[in-house]
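See structure below.
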Ligand code: UDP
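In our numbering, the protein residues as written are 2 to 364.
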């Protein structure tokens with residue numbers, strides 16, 4: 002079985018680690034990675050391949066930047082050329098980025114079956130580019146690998162059901178379990194953790210377009226994180242998109258005492274920071290879950306989340322970034338809390354289950 006996996010953005014490299022390792026173990030399955038180039042900086046792309054042992058991409062289209070249509074269109078064209086030459090049995094895509102949509106669409110038009118990992122997630126907010134990407138991808142996919150019960154129900158509501166919908170758990174849980182061990186075994190610690198010398202801190206990440214493209218939201222977030230930094234250290238690895246948005250608004254975050262802005266971290270450093278943090282503040286999908294994997298409370302800087310089970314169990318609080326005062330109140334209220342014990346993301350064997358299902362399928 003010949004599989005081409007399309008990746009392009011940071012969380013997809015992390016998800017691909019798990020399955021690529023499984024495919025390498027299965028005889029008769031050959032996987033090749035196609036990197037669209039959507040993320041390209043060393044600390045947004047190369048570091049993950051270097052540190053996590055993901056095989057180097059067989060192709061890199063180098064497509065990044067531009068408006069959604071231009072980026073997705075260029076990716077679509079590049080992917081189509083490769084698929085026409087290679088004629089794989091399966092195209093595998095992860096999550097909800099433009100690379101996901103372009104990979105699924107190119108394959109569907111060539112009648113190559115698509116496997117979607119992280120199927121069925123919904124925010125029910127069609128203003129999010131990710132929501133459009135994931136709904137369309139699900140409707141073009143043959144195999145739908147849903148991480149949760151809620152995701153399976155979302156698919157059912159859209160008329161997608163049957164033997165190719167599988168609730169397998171979350172590959173990010175597999176990755177977090179495995180790489181937490183790897184990180185523990187390293188001799189070096191994240192630099193910023195050493196600089197804090199054991200002082201407690203909050204870990205923050207911000208990158209969703211709805212926050213970076215709104216001056217009001219980004220200002221409220223900066224003001225609230227700066228306010229929180231009066232009480233407790235705040236470590237903020239700044240995503241390149243957010244760095245650009247801060248510069249555009251002339252928002253200087255470097256001078257605030259207690260607020261430590263860093264470059265984006267490698268995954269091993271990131272999961273070590275999550276394990277050491279008192280609280281996680283984020284608008285990232287993956288980081289919300291990792292906070293839970295490591296038993297940390299989380300405040301999500303959004304109106305809604307795809308990971309509803311974490312809100313229901315009290316691990317995660319939604320805090321729409323409309324006012325700095327309300328955000329700061331939410332951060333302070335979340336510090337020191339925890340949620341109900343739940344196990345919604347499987348047992349850390351999602352990768353193995355997906356690989357088994359694909360291997361056992363007729364294509
Ligand atoms: N991440 C990382 N370094 C950082 C910030 C995040 O390695 O500085 C990891 C994080 O641990 C998680 C993934 O990136 O596994 C989440 O990706 P991101 O927040 O970019 O996207 P989302 O999950 O929202 O799609």
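All C-beta atoms in this analysis are idealised placements derived from N, C-alpha and C, irrespective of residue type, glycine included.
**OP:** Could you tell me the boundaries of the beta strand (DSSP E) in which residue 55 lies?
**Re:** Looking at the DSSP string, residue 55 is not in any beta strand (DSSP E), and its letter there is neither H nor E.
Original post:
What whole-angstrom Cβ distance do residue 8 and residue 22 have, given they're in contact under 8 angstroms?
Top reply: In this structure residue 8 does not touch residue 22 by the C-beta definition: roughly 14 angstroms separates them, more than the 8 angstroms allowed.
**OP:** For residue 10, verify whether its CB is less than 8 angstroms away from any heavy atom of the ligand UDP.
**Re:** Relative to the non-hydrogen atoms of the ligand UDP, the Cβ of residue 10 comes within a distance shorter than 8 angstroms of at least one.
Original post:
Hey, is residue 135 close to the ligand UDP, as in C-beta under 8 angstroms from one of its heavy atoms?
Top reply: False, no ligand heavy atom lies under 8 angstroms from that Cβ.
Original post:
Where does the unbroken alpha helix (DSSP H) through residue 16 begin, and where does it stop?
Top reply: Where residue 16 is concerned, the enclosing alpha helix (DSSP H) stretches over 11–26.
Original post:
When every heavy atom of the ligand UDP is checked, does at least one fall within less than 8 angstroms of the C-beta of residue 97?
Top reply: Between the ligand UDP and the CB of residue 97, the shortest heavy atom gap is smaller than 8 angstroms.
**OP:** Have a look at the DSSP bridge pairing and note the partners of residue 168.
**Re:** Checking the DSSP bridge columns, you'll see residue 168 partnered with 147.
Original post:
Hey, would you say the C-beta of residue 46 is under 8 angstroms away from at least one heavy atom of the ligand UDP?
Top reply: No, the Cβ of residue 46 stays beyond 8 angstroms of every heavy atom of the ligand UDP.
Original post:
residue 266: beta carbon under 8 angstroms from a heavy atom of the ligand UDP?
Top reply: Yes, the beta carbon of residue 266 sits closer than 8 angstroms to at least one heavy atom of the ligand UDP.
Original post:
Taking three-plus beta-carbon pairs below 8 angstroms as touching, is the stretch 36–51 in contact with the stretch 74–89?
Top reply: They touch, by the three-pair rule.
Original post:
When the Cα of residue 95 is compared with those of 118, 187 and 65, which residue comes out closest?
Top reply: Nearest of 118, 187 and 65 to residue 95, Cα basis: 118.
Subject >> First through last residue of the beta strand (DSSP E) which encompasses residue 238 >> reply: It spans 234–238 - the beta strand (DSSP E) in which residue 238 sits, taken as one unbroken run.
**OP:** Measure the C-alpha to C-alpha separation of residue 340 and residue 233 and round it to an integer number of angstroms.
**Re:** Whole-angstrom Cα-Cα distance: 22 angstroms.
**OP:** Taking 9 angstroms as the cut-off, decide whether the C-beta atoms of residue 216 and residue 260 are in contact.
**Re:** No.
Subject >> heavy atom of the ligand UDP below 8 angstroms from residue 209 C-beta >> reply: Yes, the ligand UDP has a heavy atom inside 8 angstroms of this Cβ.
Original post:
Taking 8 angstroms as the cut-off, is the CB of residue 352 close to at least one heavy atom of the ligand UDP?
Top reply: It does not: the Cβ of residue 352 is nowhere closer than 8 angstroms to a heavy atom of the ligand UDP.
**OP:** Identify the continuous beta strand (DSSP E) that holds residue 203 and give its terminal residues.
**Re:** Here the beta strand (DSSP E) through residue 203 covers 202–206.
Subject >> CA-to-CA distance, residue 116 to residue 91, given in whole angstroms >> reply: Near 7 angstroms, if we compare the C-alpha coordinates of residue 116 and residue 91.
Subject >> residue 3 vs residue 114 beta-carbon contact at 9 angstroms >> reply: Not in contact: residue 3 and residue 114 (Cβ atoms no closer than 9 angstroms).
Original post:
Below 8 angstroms, can you find three or more Cβ-Cβ pairs linking the stretch 133–152 to the stretch 93–107?
Top reply: Taking one beta carbon from each stretch, the stretch 133–152 and the stretch 93–107 have 3 or more pairs nearer than 8 angstroms; the two touch.
Original post:
Can you name the start and end residues of the beta strand (DSSP E) that residue 3 belongs to?
Top reply: Unbroken beta strand (DSSP E) run through residue 3: 3–8.
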